[in-house]
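Participant: Sequential numbering of the sequence shown, starting at 1, is according to full-length UniProt numbering. Take this structure first; my questions come after.
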Amino acid sequence: MSGTDYQSDTLNAFTPEPSQARRVVVLISGSGSNLQALIDAQTHDALGGEIVAVISNQPDAYGLKRARDAGIDAVALPHREYDSREAYDGALIKVIERHEPDLIVLAGFMRILTPRFVNRFLGRMLNIHPSLLPAYTGLHTHARALADGVTEHGCSVHFVTEELDGGPVALQAEVAVAEDETEESLQAKVQAREHLIYPIAVRWFLEGRLQLKGDQATMDGLALPPTGMRLSHQDAAEELDEDVDEA
Ligand code: GRF
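This is the structure we're talking about:
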């Protein structure tokens, strides 16, 4: 080996690997306002990774336009074209895996998932749900909370497991329910908080801080309580420039 070769080998050995952006695939069915919050965070270098594809089971979902406008690969995969839930989820797995994601983000993806799908992505799939889980799993959460006369409502980011809306919670944000609250006003306040906390939780995951270990969510290696971390109404209202006397 000549001296020159030796030097070039040494230099090569010290060439740092180009750092690779963490890859995110987002699944939607509708408006995609949470998707937009994630896109905005990415634009401000606050997501900790890159949204490489958005997939919708509804071909006319507005969120697909949001993705295209942001230069993100937008894929319509209509569930109506498949004979069974298993067949659809099998096709969805293939499309997702083509994009080699580190994280799958459900953002208003209105489908019941098969166990095969959930287990394929266990520990690297997050969902956002419009309630303070474990309260009000399922649909129509705002109307049900108002009907019960609760004083506190909110939203939760959680890991997806086989139990519907039942996976370990990472992060929640509270809403104090006002005297004159309507379903619409409550939904608007909850959604504003969804847009606040989802990009934060995604970033924590992509940074390796938020993990699923067994059946527990952990942050920086420490097990989180069953309701995860929680942003108070007051703190969220301040972040969002809401009138804090409103509630
Ligand atoms: C959100 O309210 C979310 O909590 C629920 O579905 C809704 C999606 O809204 N999972 P968008 O499509 O993000 O506007």
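Glycine residues also receive a C-beta, built at the ideal position from the N, C-alpha and C atoms.
Suppose the cutoff is 7 angstroms on Cβ atoms and the five residues either side in sequence are ignored; what does the same chain contact list for residue 249 look like?
Facilitator: As displayed, the chain neither begins before 1 nor continues past 247, which places residue 249 out of reach and without an answer.
Participant: Is it right to say residue 97 is buried, meaning 16 or more other beta carbons lie within 10 angstroms of its own, or is it exposed?
Facilitator: Counted from its first residue, the sequence shown places residue 97 at position 97. That one is exposed.
Participant: Bridge partners for residue 190 per DSSP, in chain order?
Facilitator: What you label residue 190 is simply residue 190 of the sequence shown in a count that begins at 1. Under DSSP, residue 190 forms no beta bridge with any residue.
Participant: So, for residue 34: in the same chain, excluding its five sequence neighbours on each side, which residues have a beta-carbon less than 7 angstroms away from its beta-carbon?
Facilitator: The sequence position of residue 34 within the sequence shown is 34, counting from 1. Within the same chain, residue 34 has close Cβ partners 107, 108, 128, 194, 195 and 198.
Participant: Does the Cβ of residue 140 have 16 or more other Cβ atoms within 10 Å, making it buried, or fewer, making it exposed?
Facilitator: Residue mapping note: residue 140 aligns to position 140 of the sequence shown, counting from 1. Exposed, because fewer than 16 other Cβ atoms sit within 10 Å of the Cβ of residue 140.
Participant: Report yes or no: do three or more beta-carbon pairs, one from the segment 138 to 154 and one from the segment 176 to 186, lie closer than 8 angstroms?
Facilitator: yes
Participant: Is residue 57 buried or exposed, if buried means 16 or more other CB atoms sit within 10 Å of its CB?
Facilitator: Position 57 of the sequence shown, counted from the first residue, corresponds to residue 57. Buried.
Participant: To the nearest angstrom, how far is the alpha carbon of residue 138 from that of residue 20?
Facilitator: Residue numbering aside, residue 138 sits at position 138 when the sequence shown is read from its first letter. Residue numbering aside, residue 20 sits at position 20 when the sequence shown is read from its first letter. Their Cα atoms are separated by approximately 37 angstroms.
Participant: At a threshold of 8 angstroms, does residue 127 count as lining the ligand GRF (C-beta to nearest heavy atom)?
Facilitator: For this step, residue 127 is matched to residue 127 along the sequence shown. Correct: residue 127 has its Cβ closer than 8 angstroms to the ligand GRF.
Participant: Could you tell me how far apart the beta carbons of residue 159 and residue 231 are, in whole angstroms, since I believe they sit closer than 8 angstroms?
Facilitator: Here residue 159 corresponds to residue number 159 of the sequence shown, with the count starting at 1. Here residue 231 corresponds to residue number 231 of the sequence shown, with the count starting at 1. Not a contact, Cβ separation roughly 18 angstroms.
Participant: Which two residues bound the contiguous beta strand (DSSP E) that contains residue 218?
Facilitator: Residue numbering aside, residue 218 sits at position 218 when the sequence shown is read from its first letter. Per DSSP, residue 218 belongs to the beta strand (DSSP E) from 216 to 219.
Participant: Grab the span of the beta strand (DSSP E) containing residue 159 for me, first residue to last.
Facilitator: Looking up residue 159 in the sequence shown gives position 159. 152 to 159 is the span of the beta strand (DSSP E), which, as asked, contains residue 159.
Participant: Taking 8 angstroms as the cut-off, does the CB of residue 35 come closer than this to any heavy atom belonging to the ligand GRF?
Facilitator: In the sequence shown, counting from the first residue as 1, residue 35 sits at position 35. At least one heavy atom of the ligand GRF is nearer than 8 angstroms to the Cβ of residue 35, so yes.
Participant: Would the segment 54 to 68 and the segment 23 to 34 be scored as touching if the rule is three or more Cβ pairs under 8 angstroms?
Facilitator: Flag = yes, the segment 54 to 68 and the segment 23 to 34 touch.
Participant: On the three-state DSSP scale, how would you describe residue 5?
Facilitator: Position 5 of the sequence shown, counted from the first residue, corresponds to residue 5. Residue placement at residue 5 is poorly supported in this model, since its pLDDT is 43, which falls under 50; the coordinates are not used for a value here.
Participant: Would you mind sorting residue 86 into buried or exposed? The rule is 16 or more other CB atoms within 10 Å of its CB.
Facilitator: Start at 1 with the first residue of the sequence shown, and residue 86 comes out as number 86. By the neighbour-count rule (16 or more Cβ atoms within 10 Å), residue 86 is not buried but exposed.
Participant: Given this structure, state the Cα-to-Cα distance separating residue 145 from residue 136, to the nearest angstrom.
Facilitator: Along the sequence shown, read from residue 1 onward, the residue named residue 145 stands at position 145. Along the sequence shown, read from residue 1 onward, the residue named residue 136 stands at position 136. Cα to Cα, the separation comes out at about 8 angstroms.
Participant: Alpha carbon to alpha carbon, how far is residue 95 from residue 180?
Facilitator: As a position in the sequence shown, residue 95 is number 95, starting the count at 1. As a position in the sequence shown, residue 180 is number 180, starting the count at 1. Cα-Cα distance, rounded: 45 angstroms.
Participant: Consult DSSP for residue 129 and reduce its assignment to one of helix, strand or coil.
Facilitator: Working through the sequence shown from its first residue, we reach residue 129 at position 129. Strand.
Participant: Less than 8 angstroms separating the Cβ of residue 107 from some heavy atom of the ligand GRF?
Facilitator: For the purposes of this step, residue 107 is identified with residue 107 of the sequence shown, where counting begins at 1. Yes, the ligand GRF has a heavy atom inside 8 angstroms of this Cβ.
Participant: Using C-beta distances below 6 angstroms, list every residue in its chain close to residue 248, excluding the 5 sequence neighbours before and after it, in chain order.
Facilitator: With the chain covering 1 to 247 only, the question about residue 248 has no answer from this structure.
Participant: Using 8 angstroms for Cβ pairs, my map puts residue 26 next to residue 38. What's the rounded Cβ distance?
Facilitator: On the sequence shown, residue 26 is found 26 positions in, with the first residue counted as 1. On the sequence shown, residue 38 is found 38 positions in, with the first residue counted as 1. Rounded, the Cβ-Cβ distance is 6 angstroms, consistent with contact.
Participant: Can you find a CB in chain D that lies within less than 9 angstroms of the CB of residue 199?
Facilitator: The structure shown contains no chain D; it holds only a single protein chain.
Participant: With hydrogens ignored, establish whether the beta-carbon of residue 28 is closer than 8 angstroms to any heavy atom of the ligand GRF.
Facilitator: Taking the sequence shown and counting its residues from 1, one reaches residue 28 at position 28. Residue 28 Cβ: within cutoff of the ligand GRF.
Participant: Taking DSSP as the reference, what is the three-state secondary structure of residue 247?
Facilitator: In the sequence shown, residue 247 corresponds to position 247, counting from 1. The pLDDT assigned to residue 247 is 48, lower than 50, so where the model puts this residue is not dependable; a value taken from the coordinates is nonetheless given after this. Three-state DSSP puts residue 247 in coil, outside helix and strand.
Participant: Within 10 angstroms of its Cβ, does residue 133 collect 16 or more other Cβ (buried), or is it exposed?
Facilitator: By 1-based counting over the sequence shown, the position of residue 133 is 133. By the neighbour-count criterion, in which a residue is buried when 16 or more other Cβ atoms sit within 10 angstroms of its Cβ, residue 133 is buried.
Participant: By how many angstroms is the C-alpha of residue 90 removed from the C-alpha of residue 116?
Facilitator: The count along the sequence shown starts at 1 and reaches residue 116 at position 116. The count along the sequence shown starts at 1 and reaches residue 90 at position 90. The alpha-carbon atoms of residue 116 and residue 90 are separated by roughly 8 angstroms.
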